[in-house]
Amino acid sequence: MISINRYKCGYCGTCVAVCPAGAIELVGAWIEIDGESCVECNNCVKICPIGALEVSDESKK
Amino acid sequence: MSLKNKYDVIVVGAGPGGSMTAKTAAEKGLNVLLIEKRQEIGSPIRCAEGVGKKSFKKFFPVIKDEWISTKMVGVRIYSPDGTLVEISDNRAVGYILERKIFDRDLACMAADAGADVFTKTRATDLIIKDNFVKGVEGIRLGESFKVEADIVVGADGVESKVGRWAGINTTLKPKDIESGAEYLISGIPVEDLCEIYLGNDIAPAGYVWAFPKGENRANVGIGILGSKIGGKIPFDYLNEFVKKKYKNGKIIEVIYGGIPVSRPAKTFGNGIMLVGDAARFTDPITGGGITNAIESGIYAGEVAAECIKEEDTSEEGLKKYEKRWRSTIGEENDRSYLLKEFFINLPDGGLNALAHSINKIKITELSVKGLMRELIDKNPWIPAKLAKLFKKK
Ligand SMILES: Cc1cc2nc3c(=O)[nH]c(=O)nc-3n(C[C@H](O)[C@H](O)[C@H](O)COP(=O)(O)OP(=O)(O)OC[C@H]3O[C@@H](n4cnc5c(N)ncnc54)[C@H](O)[C@@H]3O)c2cc1C
Ligand code: SF4
Ligand code: SF4
Chain A
1 MISINRYKCG
11 YCGTCVAVCP
21 AGAIELVGAW
31 IEIDGESCVE
41 CNNCVKICPI
51 GALEVSDESK
61 K
Chain B
1 MSLKNKYDVI
11 VVGAGPGGSM
21 TAKTAAEKGL
31 NVLLIEKRQE
41 IGSPIRCAEG
51 VGKKSFKKFF
61 PVIKDEWIST
71 KMVGVRIYSP
81 DGTLVEISDN
91 RAVGYILERK
101 IFDRDLACMA
111 ADAGADVFTK
121 TRATDLIIKD
131 NFVKGVEGIR
141 LGESFKVEAD
151 IVVGADGVES
161 KVGRWAGINT
171 TLKPKDIESG
181 AEYLISGIPV
191 EDLCEIYLGN
201 DIAPAGYVWA
211 FPKGENRANV
221 GIGILGSKIG
231 GKIPFDYLNE
241 FVKKKYKNGK
251 IIEVIYGGIP
261 VSRPAKTFGN
271 GIMLVGDAAR
281 FTDPITGGGI
291 TNAIESGIYA
301 GEVAAECIKE
311 EDTSEEGLKK
321 YEKRWRSTIG
331 EENDRSYLLK
341 EFFINLPDGG
351 LNALAHSINK
361 IKITELSVKG
371 LMRELIDKNP
381 WIPAKLAKLF
391 KKK
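Residue numbers (the UniProt record's numbering), protein chains in the order written: chain A, 1 to 61; chain B, 1 to 393.
Rendered as structure tokens:
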């Protein structure tokens, strides 16, 4: 699972552009991640300019 | 005013690309809908707002004063060891726009030309019948809607989904996108010149920019290639730079954004075209995308009008859109993409050597091509394959 720090996110959409699964949606000033379709590639985590995304602890390793 | 059930063209996204598509199509007499998911057009900006004068002017018979924040007379590029390469002229060679005003004005121009414009209206999917795009599904102020159209234009920016919904894969690999962060800093000394700082310690496979906005302000930002990010994030690099260079400046605005530095995507299909960042039209070497968004928007508006008149909005009919952008945006992208591949693998020593070779020359023409020709002239080690692309025809 990817968790979002909404206090950091600047809703720029960079993460959306690199998500191969189309799992992220930028809704105006809000991003949503669909955990069901996420394939845990971590592209979004690495690309975010501000480090607002993290792999959260519950994720199955 | 409410949404109609059917339009000739629906444009998704009211950035420069979408507004110019809508404006052009409406001027050609089409029934046009322009939708924008944000509640305010142009805000927050995701841009350093710089455009070349020549490439910008050709699209507008009149350039309004309120669009322009600063007229810039040149660009200063600093290599990793601080060597300066200056490209400048006595007159303005470019503008730093005020995009919050400019983007909104373009949308107004589309509306004035007859397009319906709706903000806080987001496309969530396409209506597809028999492999043909037939319209848009979306949400407006919490209510779902469906609107039909002969052509849908995806002008939905870096986060584009319109292409994907139509089966066009526009996903960017980390090596094909710059991750950016920018401050508007006030209270600092600025000149009417754009500054660019290169170096693998400053901005790995990217650069730091400082673009003047008025007398004592500048957009100071950074872009770092996705595949080179590890440990430090772009925001950290920016903060380090700003701390060193603009200790006394005050940060008035913070923005983030991604800049495609890829090949263009497939840009058309049955009943669909992509323009601007959605089509991945930013220049892979400069990161500039405003004028390409405008240009592709104009082409898409024209092609929409022609194809609707000819009653062929199929992939075959819309093929002429690509033909049109290939010779301009496409040719430039070809060069810039290969140039990017060269530069991202260049160690600091190489960047310094390039700067040393031309730092005494007076360069007045602001273009990647002009600069490259000078470099190729002085540096025979630049691969012939690359040099060939910049030869005078
Ligand atoms: C940090 C940074 C600095 C830059 N600096 C420069 C520069 O100095 N010069 C330059 O030329 N370029 C620069 N660029 C690039 C430039 O900003 C873009 O190329 C340009 O904005 C592209 O215009 P566009 O119309 O294609 O997309 P955008 O301007 O991104 O507009 C897309 C619009 O579509 C809307 N949208 C998206 N999805 C939907 C949906 N589903 N429904 C409805 N609406 C939707 C968005 O809200 C947005 O308003 C920079 C980019 C960044 C990130
Ligand atoms: S890349 Fe980061 S800042 Fe930008 S929308 Fe995604 S999470 Fe937010
Ligand atoms: S981890 Fe990969 S698949 Fe999951 S949301 Fe991020 S980019 Fe998309």
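In this text, a Cβ means the ideal position worked out from N, Cα and C, and glycines have one as well.
- Put simply, of B:Ile361, B:Ile298, B:Asn131 the residue whose alpha carbon is nearest the alpha carbon of phenylalanine 59 (chain B) is B:Ile298.
- In summary, the residues of the segment 21-44 of chain B whose CB is separated from some CB of chain A by less than 9 Å are Lys37, Arg38, Gln39, Pro44, in the order they occur in the chain.
- Nearest Cα to tyrosine 197 (chain B) within the set B:Asn352, B:Met72, B:Leu172: B:Asn352.
- Here valine 162 (chain B) carries a helix assignment [DSSP, helix/strand/coil].
- At a threshold of 6 Å, leucine 53 (chain A) counts as near ligand 2, since its beta carbon sits closer than that to one of the ligand's heavy atoms.
- Collapsing the DSSP output to three states places alanine 218 (chain B) in a strand.
- Phenylalanine 211 (chain B) and isoleucine 96 (chain B) do touch by the CB rule: their CB atoms are close to 5 Å apart, below 8 Å.
- Pairing threonine 21 (chain B) with glycine 301 (chain B) gives a Cβ-Cβ distance under 7 Å.
- Spanning the alpha carbons of isoleucine 255 (chain B) and serine 43 (chain B) requires a straight line of approximately 10 Å.
- Separation of valine 368 (chain B) and glycine 288 (chain B) (C-alpha to C-alpha, rounded to the nearest whole angstrom) is 12 Å.
- Counting along the chain, the unbroken beta strand (DSSP E) around alanine 149 (chain B) starts and ends at 143-154.
- Residues Ser88, Asp89, Asn90, Arg91, Ala92, Val93, Asp192, Leu193 of the same chain have their beta carbon placed closer than 8 Å to that of valine 73 (chain B), with the five preceding and five following residues left out of the count.
- Taking each of B:Thr171, B:Trp165, B:Lys213, B:Arg104 in turn and checking the Cα distance to valine 190 (chain B), the smallest one comes out for B:Lys213.
- Beta-bridge pairing by DSSP links aspartate 176 (chain B) to no other residue.
- In this structure, the C-beta of arginine 164 (chain B) stays at least 6 Å away from each heavy atom of ligand 1.
- Only buried fits serine 296 (chain B), as 16 or more other CB atoms lie within 10 angstroms of its CB.
- Scanning chain A for C-beta atoms nearer than 8 Å to the C-beta of leucine 172 (chain B) yields Ala17, Val18, reported in chain order.
- Collapsing the DSSP output to three states places tryptophan 209 (chain B) in a strand.
- Bounds of any beta strand (DSSP E) do not take in methionine 20 (chain B); it lies within the alpha helix (DSSP H) bounded by 16-27.
- Closest option to aspartate 34 (chain A), judged by alpha-carbon separation, among A:Ala52, A:Ala17, A:Gly22: A:Gly22.
- Where valine 368 (chain B) is concerned, the enclosing alpha helix (DSSP H) starts and stops at 368-378.
- Phenylalanine 343 (chain B) carries a helical assignment under DSSP once its states are collapsed to helix, strand and coil.
- The beta carbon of isoleucine 68 (chain B) sits closer than 6 Å to those of Tyr95, all from its chain and outside the five residues before and after it, given in chain order.
- Scanning its chain for C-beta atoms nearer than 6 Å, with the 5 sequence neighbours on each side dropped, one finds around phenylalanine 102 (chain B) the residues Trp67, in chain order.
- Around the beta carbon of isoleucine 361 (chain B), a 10 Å sphere encloses fewer than 16 other beta carbons of the protein chains shown; the residue is thus reported as exposed.
- At a cut-off of 7 Å between beta carbons, glutamate 159 (chain B) contacts chain A.
- In the assembly as shown, valine 62 (chain B) is an exposed residue. Its beta-carbon has fewer than 16 other beta-carbons within 10 Å.
- Your pair isoleucine 41 (chain B) and alanine 14 (chain B) checks out as a contact, with CB atoms roughly 5 Å apart and the cut at 8 Å.
- Secondary-structure assignment with DSSP links aspartate 116 (chain B) through a beta bridge to B:Leu33.
- At a cut-off of 7 Å between C-beta atoms, proline 284 (chain B) does not count as an interface residue with respect to chain A.
- Beyond the five residues adjoining it in sequence on each side, phenylalanine 390 (chain B) comes within less than 8 Å, by CB distance, of Arg335, Lys369, Met372, Arg373, Ile376 in the same chain, given in chain order.
- Shown here is that no member of the segment 4-18 of chain B has a Cβ falling below 8 Å from a Cβ of chain A.
- Taking a beta-carbon distance threshold of 7 Å, isoleucine 50 (chain A) counts as an interface residue toward chain B.
- Closest option to cysteine 12 (chain A), judged by alpha-carbon separation, among B:Leu126, B:Ala123, B:Val9, B:Asp156: B:Asp156.
- Residue side-chain check: cysteine 9 (chain A) places its Cβ nearer than 6 Å to a non-hydrogen atom of ligand 2.
- Segment contact: the segment 262-281 of chain B against the segment 150-169 of chain B, three or more CB-CB distances shorter than 8 Å; contact assigned.
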